Amino acid sequence: MLLYRAAQLVATGFAATVFKRKYIRNEIRNAQGPYVVIANHQAAYDFAGLIGATKRPLTFVISNSFYNSLPITGILRKLGVIPKQQFQTTVSDMRRIKAVIENGESLVIYPAGLMCEDGISTPIPQATYKFLKWLDADVYVARASGTYFTMPKWTKGFRPGRTYMDIYKLFDRNELKKLSVGEIKERTDGAILFDAYREQEGLLSKYSNNDNIEGLEKVLYACPNCGKEFTVKVRDGNIIYCTDCGFAERSDEYGFLHKIGQGEELHYVSDWSRLIYERHRDMLKEHPEYTLSAKTRIYMLDYDKHKFTWVGLGKLTLGKTAFRIKGVINGSSVDMTIPSAKLPTLPFKPGKYLEVQNGADIYRCELDDGKLVMKFINTVKAFFELNN
């Protein structure tokens with residue numbers, strides 16, 4: 002308990018200084034009995050805004066990759082954190098999660114699984130809705146607003162500014178029993194899904210250095226005006242432009258974009274990103290045989306050292322239903338196929354790497370051409386949408 006209190010203290014300090022968190026509602030402050038909190042995921046440290054919401058210990062479910070690649074894995078274990086495979090829930094995972102509720106404790110899950118890269122929430126796996134019904138407990142939602150802008154995935158460091166946390170009951174345990182999966186999905190999606198830029202229109206919160214969009218070109222890799230890929234650059238910190246057609250926009254202190262060059266204005270980064278995705282998805286629909294390949298340095302998660310270690314070189318290829326990794330790993334030739342059709346997305350860092358999981362083995366593929374990372378992610382998302 003002392004360790005948990007120390008973690009609460011550190012997280013609360015972070016929430017106060019970086020997130021400048023303000024509660025809209027906090028209905029778990031004095032909530033009793035077992036319950037589940039489902040939270041949206043705008044930024045890597047969203048948990049810091051939630052851990053201090055109640056004095057009761059909260060059991061967080063996080064990705065196996067994140068859990069086992071940190072030097073503090075031992076501390077996380079003592080705090081009761083539960084690691085699970087992203088977008089896949091094993092029988093063992095389910096038993097550990099269910100045990101939290103059966104013991105009368107409180108559970109926190111992030112259904113989307115990943116923080117967003119463009120202000121748009123990651124799709125929620127369909128199994129989530131049945132899972133909530135199976136847990137047989139009251140369900141609260143913790144909706145963070147603004148945390149995306151404090152630490153965008155495409156840049157480094159923190160950008161302190163006002164954020165909000167709204168925690169309220171979404172489902173009563175007895176009500177859940179009566180609802181269909183479709184009804185659970187409708188209410189859950191309404192509470193969890195978000196567009197950070199559209200929310201910002203209502204909040205107009207200012208964040209430190211928020212007009213600096215260096216790194217955003219790793220996400221917005223295609224020009225919305227001419228459609229060409231990898232011609233998008235950033236100059237002077239706050240101007241994003243196409244080197245081919247002259248399309249250009251300037252970012253303001255709120256994170257919005259304003260036209261200063263050719264083409265129609267796209268006011269929201271999220272709209273630009275959505276346009277890139279939709280064009281790519283439509284192309285894949287017309288060409289289902291499409292594949293994307295890249296040379297890569299391969300790292301694997303070392304569960305003993307709690308970090309990713311270099312294991313070899315190879316080629317990563319993505320098709321409609323699977324990844325293929327061909328190369329040399331730990332001195333041996335490999336040619337493996339990893340199913341991808343049921344994956345809504347993957348862990349990744351724009352401009353650098355993506356992670357592919359095969360059972361307990363997690364491969365971090367650091368592409369020779371980092372610009373392709375976001376295109377791989379959009380391809381995974383699009384094939385998932387088309388396959389399901």
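Okay, so the sequence shown: first residue is 2 according to this note's numbering, each after it adds one. From the three backbone atoms N, C-alpha and C, an ideal C-beta is built for every residue, glycine too. For clarity, every value in this text was computed on a predicted model and none was experimentally measured.
Return the CA-CA distance between residue i and residue j, expressed in angstroms with no decimal places.
{"i": "V109", "j": "L59", "result": "7 Å"}
{"i": "L317", "j": "M375", "result": "14 Å"}
{"i": "W135", "j": "R174", "result": "10 Å"}
{"i": "L3", "j": "G81", "result": "13 Å"}
{"i": "T189", "j": "K23", "result": "23 Å"}
{"i": "F395", "j": "K186", "result": "This structure cannot settle anything about residue 395, because the visible part of the chain is limited to 2 through 389."}
{"i": "M284", "j": "E215", "result": "29 Å"}
{"i": "I326", "j": "E356", "result": "12 Å"}
{"i": "D305", "j": "F384", "result": "34 Å"}
{"i": "Y269", "j": "A100", "result": "43 Å"}
{"i": "A38", "j": "A143", "result": "Rather than Ala, the amino acid found at residue 38 in this sequence is Val. Roughly 7 Å separates the two Cα atoms."}
{"i": "I339", "j": "D362", "result": "11 Å"}
{"i": "L77", "j": "I102", "result": "19 Å"}
{"i": "L302", "j": "L344", "result": "20 Å"}
{"i": "E200", "j": "M166", "result": "13 Å"}
{"i": "Y36", "j": "Y141", "result": "7 Å"}
{"i": "Y242", "j": "D139", "result": "48 Å"}
{"i": "S334", "j": "Y300", "result": "15 Å"}
{"i": "E250", "j": "A295", "result": "30 Å"}
{"i": "C224", "j": "Q263", "result": "11 Å"}
{"i": "T322", "j": "G247", "result": "37 Å"}
{"i": "T90", "j": "E367", "result": "26 Å"}
{"i": "G238", "j": "P112", "result": "34 Å"}
{"i": "N226", "j": "G147", "result": "29 Å"}
{"i": "F172", "j": "R30", "result": "17 Å"}
{"i": "K178", "j": "I98", "result": "19 Å"}
First and last residue of the beta strand (DSSP E) that includes residue i?
{"i": "W311", "result": "308 to 319"}
{"i": "A295", "result": "293 to 303"}
{"i": "S252", "result": "249 to 252"}
{"i": "A1", "result": "Beyond the ends of the chain as shown, which are 2 and 389, falls residue 1; an answer cannot be given."}
{"i": "E356", "result": "354 to 359"}
{"i": "Y198", "result": "That residue, Y198, is in no beta strand (DSSP E); its alpha helix (DSSP H) goes 197 to 204."}
Under the assumption that residue i contacts residue j (Cβ atoms under 8 Å), give the Cβ distance between them as a whole number of angstroms.
{"i": "D446", "j": "K229", "result": "Missing from the structure shown is residue 446; the chain here goes from 2 to 389 and no further."}
{"i": "S209", "j": "R160", "result": "5 Å"}
{"i": "G328", "j": "G315", "result": "2 Å"}
{"i": "D212", "j": "T297", "result": "So it is not a contact: roughly 34 Å between Cβ atoms."}
{"i": "N69", "j": "P84", "result": "7 Å"}
{"i": "A44", "j": "T151", "result": "6 Å"}
{"i": "E266", "j": "K260", "result": "4 Å"}
{"i": "T123", "j": "T346", "result": "6 Å"}
Here's the rule I'm using: 16 or more other beta-carbon atoms within 10 Å means buried, otherwise exposed. How should residue i be labelled?
{"i": "Q87", "result": "buried"}
{"i": "K154", "result": "buried"}
{"i": "V92", "result": "exposed"}
{"i": "I193", "result": "buried"}
{"i": "Q33", "result": "exposed"}
{"i": "G162", "result": "buried"}
{"i": "T310", "result": "exposed"}
{"i": "K382", "result": "buried"}
{"i": "L10", "result": "exposed"}
{"i": "G360", "result": "exposed"}
Which residues mark the beginning and the end of the alpha helix (DSSP H) in which residue i is found?
{"i": "I98", "result": "92 to 103"}
{"i": "Y5", "result": "3 to 15"}
{"i": "G183", "result": "182 to 193"}
{"i": "R22", "result": "Taken as a continuous stretch (DSSP letters only), R22 belongs to no alpha helix (DSSP H), being part of the beta strand (DSSP E) at 22 to 27."}
{"i": "A383", "result": "374 to 388"}
{"i": "I277", "result": "270 to 287"}
{"i": "E176", "result": "174 to 179"}
{"i": "S66", "result": "65 to 69"}
{"i": "A40", "result": "Run containing A40: none in the alpha helix (DSSP H); it sits in the beta strand (DSSP E), 36 to 40."}
{"i": "T151", "result": "148 to 151"}
{"i": "I240", "result": "Note, I240: premise wrong, no alpha helix (DSSP H); beta strand (DSSP E) at 240 to 243."}
With a threshold of 8 Å between beta-carbons, can residue i be considered close to chain C, or not?
{"i": "K382", "result": "Any reference to chain C falls outside this structure, which holds one protein chain only."}
**Report entry** Stretch pair the segment 61 to 68 + the segment 121 to 131: three plus CB contacts closer than 8 Å
**Finding:** no
Query raised in the report: Does the segment 33 to 53 come within contact of the segment 14 to 23, defined as at least 3 CB pairs closer than 8 Å?
Result: yes
Requested in this report: Report yes or no: do three or more beta-carbon pairs, one from the segment 112 to 121 and one from the segment 262 to 278, lie closer than 8 Å?
Outcome: yes
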